[in-house]
Structure formats: structure tokens, C-alpha cells
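Read top to bottom, the protein sequences are chains A and B.
Each residue of the first sequence is one higher than the one before, counting from 1 in the numbering used here.
Each residue of the second sequence is one higher than the one before, counting from 1 in the numbering used here.
C-beta atoms are modelled at their ideal positions from N, C-alpha and C, and glycine is treated no differently.
Data first, discussion second: the structure below is written as C-alpha cells.
Number of protein chains: 2
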Amino acid sequence: MMVSKEALFEQMVSLIASAHQLHYDMTKGLPMDDITPLQYEILEFLSVKQPITLSQLSECMGISMPNTSREIKKLTDKGLCEKIDDTEDRRKQYIRLSAGGEARMAESFAHMRGLFMQQVNDVSDTELAHISEAIKVLKSTLLRD
Amino acid sequence: MMVSKEALFEQMVSLIASAHQLHYDMTKGLPMDDITPLQYEILEFLSVKQPITLSQLSECMGISMPNTSREIKKLTDKGLCEKIDDTEDRRKQYIRLSAGGEARMAESFAHMRGLFMQQVNDVSDTELAHISEAIKVLKSTLLRD
DNA sequence: CTTCTTTGTTATCATTTGATAATAAGTTAG
DNA sequence: CTAACTTATTATCAAATGATAACAAAGAAG
């Protein structure tokens, strides 16, 4: 079957909206006493891309260096992430989640996992395989890094 | 092939992260002089779910009623959305994009479309069909409303 | 060595966003 | 009719985030 690129664009927009909504639904019940929304976003980002330098993080998330530095400092003070000096270039500092940060995010993911399991509880194995395959297709094409 | 739900959860998390990144990349170059980030989010939401009452919008986006009211007022003042009184329940007001708002968002989507076309320029028709099918699968299962 | 660039920090201020209380008008249930 | 609830608004304050300038240290290039 022939698929126009225009139609595919519409599908992609819809997909992005749905993914955003799903993420919102899965995280909205979360505790969040300890950190601000932006700080949570940073922790989520770190749990995917780790370790990363401050300037890369700044670039990737669209936050200015001064503000990134400030937020990382706060997260470090809270024991949720840590800085590692680059041995080659002594200006650089790699950021990664600390043990506490990993634990903190593990809780979040556990919460999401719970909601997810509920949602796919009655889904057949065949269908699960279809979904898995579909995600693989998208990751390897549209969503390739 | 057997797919564990646990593995599928990991895939979904990765999918959400990729979709978020894609959205970020496609919108980061955008003009944004006229509106704040939150206001843009609202306009994006409206272009998908329209019309919608203030309280529904508040609920869906996780913004308190007073703050939703304030932002919608600002958007209305800027001529980007408009309120329509519900004839049945005179407390309710439906919100939708105004002609100006539709035009404003059309520009945004045109920008995204341009980037998208660039990205899928060299993709074969067969592959496009695969991607389209993959999105359909996800929308009808994982991402069903 | 000197100059330029990159990386990161601190301080400061403006803007945006969140939270809460008080109010008003319309609807629903008793 | 009255009381309770829903929908929306306005006002106000606090917190989070964005923007900018000034600075310092390390590396790269000449």
C-alpha cells in the first residue's frame, strides 16, 4: 500500500502527542516532594544518557550553561547526581546519577512499570510481539539517534 | 517470538524518550516571540483536542483552574484562541483555536513538516509503509485513548 | 608566550509558572 | 426554595525557570 509522506507526517505528530500524553499519565501520580519538575526532567534524561558533560547536557536539553550548572549543583547537593572529572581535559566534568539518584529514579520507573503492567495485563503474547516489533521499526527509522 | 512484558516496558520507555527528543528537535528552532512555552503547549494541545472546556483542559494538562483561566485569557487577548459559550450549561465555555491561532500553529507544523520531509527524503516507499503500519499498531494498542 | 576558544561557576534580575483564597454565577439534589 | 456542587474568574504571593554579565581555569592555535 502506498503511503504519502504528508500522511505519515500527520501520523508522526499524532504519535508524539500520544507518547507525551502517556508519559504525563504515567508520571503524574509521582511523589515529587524532593525535586522540581525541571530537576526531574534532568534526572530522567540522565537515566537514558549517562554520563554526560555539563555542556552536552545544556545543549541537549536547551538549558543555558549557567542554569544547567545551577540545577546540577542543586541535584548534587541533594545527593541525586555526581560529578566526575575528566582525566584528559581537566575543564570537563561528567555528570551521572549517584547511587541515591539511581534509587530515586528506580522508584519512579517502578511506579510507571506498575501502571504499564496494568495496561498490558490482558494483551495476548502475539499482540505483545507485534507491539515490540512496531517499536523496533520506529526506533530504527524515524527515531534513530 | 516471545516478548516479556518487562522488556516491552523498557522499549516503551525508550520510545517515549525518543519521541520527546524528536519533538524537542523539531520545535527548538521555532520563533516563539509571541507566546510563552506553556502557552505554546496549550496551543499544541488544542490543535489535537478541540474544542474543550476550561476544566477539561485544566484536568488534561495538569494546570490548576485559576492558572488555566489566566493563560487562556492571555491567549485570547493575543487573538490565538477563543471561547464559545455552551448553550446547554451556561457555566461552561468551550475553548478552540481562533483563525489566528490556527494560522499560528500551521506555521509551526509547516516548520516541523519541513524537517520531517528532510529526514524521510531518502526513505523507500516500502519502508514508509512499514513505519506507517508500525505507528498504527502502537496507536491502536499501547497508545489508545 | 600570547591570544583565542572551550568549559564551567557565581551572582543577579526578570519572567513564567504554581498555589491558594475569595468571589460569582449557573446547575443539581433535597 | 435552599443547600451543595460545578465552572470559571480575579487577585495575590511564592517558587521555579530563563537571561545576562562577569569571572576563572584549562586547552588549542598562532
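Delimiting residues of the alpha helix (DSSP H) encompassing B:GLU133: 125-140
Taking the alpha carbon of A:LEU38 as the reference point, which residue from A:GLU71, A:SER108, A:ASN121 has its own alpha carbon closest? With distances taken between Cα atoms, A:LEU38 lies closest to A:GLU71.
Mapping DSSP to helix, strand and coil, what is A:THR68? helix
Find the residues of chain A that neighbour B:GLY100, judging by a C-beta separation of less than 8 Å, and give them in chain order. Chain A residues near B:GLY100: none, gap ~21 Å exceeds 8 Å.
So, do the region 34-51 of chain A and the region 60-78 of chain A have three or more beta carbon pairs nearer to each other than 8 Å? yes
Please state whether the Cβ-Cβ distance between B:VAL15 and B:MET105 is less than 8 Å. In the sequence on display, residue 15 of chain B carries Leu and not Val. No, Cβ-Cβ distance for B:LEU15 and B:MET105 is not below 8 Å.
Backbone secondary structure at B:GLU82 - three-state DSSP: strand
Residue from A:SER47, A:PRO31, A:VAL13, A:LEU22 whose Cα sits closest to the Cα of A:LEU97: Checked all of A:SER47, A:PRO31, A:VAL13, A:LEU22; the closest Cα to A:LEU97 is A:SER47.
Considering Cα atoms alone, identify which of B:SER64, B:TYR40, B:LYS136 is closest to B:GLU107. Looking from the CA of B:GLU107, the closest CA among B:SER64, B:TYR40, B:LYS136 belongs to B:TYR40.
Looking at C-beta atoms only, is the number of pairs between the region 133-143 of chain A and the region 131-138 of chain B that lie closer than 8 Å three or more? yes
Burial state of A:MET65 (16 or more Cβ within 10 Å): exposed
Please classify A:THR68 as buried or exposed, where buried requires at least 16 neighbouring CB atoms within 10 angstroms. buried
Pull out every residue of the region 38-67 of chain A whose Cβ sits closer than 7 Å to any Cβ of chain B, in chain order. VAL48, GLY62
Once DSSP output is grouped into helix, strand and coil, what is the label at B:GLN50? Under the three-state reduction of DSSP, B:GLN50 is assigned to coil, being neither helix nor strand.
Can you pull the chain B neighbours of A:GLN11, defined as C-beta to C-beta under 9 Å? ILE131, SER132, ILE135, LYS136, LYS139
By Cβ distance below 8 Å, which residues in the same chain neighbour B:MET12 in space, the five residues on each side in sequence not counted? LEU142
Kindly give me the distance between the Cβ atoms of B:LYS83 and B:GLN93, rounded to whole angstroms, as I take these residues to be in contact under 8 Å. 5 Å
Use the C-beta contact count for B:ALA149: other C-beta atoms within 10 angstroms, 16 or more gives buried, fewer gives exposed. This structure leaves residue 149 of chain B out entirely; chain B is present only between 1 and 145.
Any idea if A:GLY101 is buried or exposed, counting beta-carbon neighbours within 10 angstroms, 16 or more meaning buried? The residue in question, A:GLY101, is buried, as its Cβ has 16 or more Cβ neighbours within 10 Å.
Could you list which residues in chain B have their beta carbon closer than 7 Å to that of A:ARG113, in chain order? PHE9
Quick one: Cα of A:ILE52 to Cα of B:SER124, how far? 35 Å
Taking A:PRO31 as the reference, which of A:HIS111, A:SER58, A:ARG144, A:LEU115 has the closest Cα? A:HIS111
Check this for me: beta carbons of B:LEU128 and A:VAL3, under 8 Å apart or not? yes
In chain order, what residues of the same chain have a beta carbon less than 8 Å from the beta carbon of A:MET86, not counting five sequence neighbours either side? With the sequence shown as reference, residue 86 of chain A is identified as Asp, and Met is not the correct amino acid for it. So the qualifying residues of the chain are THR53, LYS92, GLN93, TYR94.
DSSP three-state assignment for A:ARG96, whether helix, strand or coil: strand
Let me check understanding here. Comparing Cα to Cα, which of B:ALA99, B:ASP89, B:GLU88, B:GLY62 lies closest to B:LEU80? Of B:ALA99, B:ASP89, B:GLU88, B:GLY62, the residue nearest in Cα terms is B:ALA99.
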